[in-house]
Structures are given as C-alpha cells and as structure tokens.
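Residue numbers (the UniProt record's numbering): 1 to 53.
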C-alpha cells in the first residue's frame with residue numbers, strides 16, 4: 001500500500017521535525033553560551049533558576 005501522498009506527507013513530517021530539532025538546539029546554544037555573563041545581571045529580573053535551563 002504505497003500511495004505517493006502518504007509518502008510525501010511522511011517525508012514532510014520528518015523534514016519538519018528535523019528542522020524543529022535543529023532550531024531547538026540552536027536556541028539552547030544561544031541560551032547557554034552567554035549564560036554565565038547574563039546570570040549575575042538578570043538574577044533579580046527573571047524568577048527562572050539557571051539550574052533548570
């Protein structure tokens with residue numbers, strides 16, 4: 001049972017998921033790299049603990 005639409009949909013979903021994973025990884029890098037510099041300044045502004053990030 002190989003319909004081209006199903007295959008295309010599955011391919012598109014895989015591609016979207018891969019893109020989403022790449023974006024999440026990029027955001028994590030952007031959060032973690034400047035973290036030590038930003039943490040002392042923003043401690044009073046953001047209630048989120050750095051240990052969770």
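Heads up, the beta-carbon is just placed ideally off N, CA and C, and yes, glycines get one too.
Alpha-carbon spacing of residue 3 relative to residue 20, whole angstroms: Counting from 1 along the chain shown, the entry for residue 3 is found at position 3. Counting from 1 along the chain shown, the entry for residue 20 is found at position 20. The alpha-carbon atoms of residue 3 and residue 20 are separated by roughly 26 Å.
Extent of the continuous alpha helix (DSSP H) to which residue 10 belongs: The residue labelled residue 10 in the question sits at position 10 within the chain shown. Here the alpha helix (DSSP H) through residue 10 covers 4-32.
Straight-line Cα distance separating residue 7 from residue 16: The sequence position of residue 16 within the chain shown is 16, counting from 1. The sequence position of residue 7 within the chain shown is 7, counting from 1. Residue 16 and residue 7: Cα-Cα distance of roughly 14 Å.
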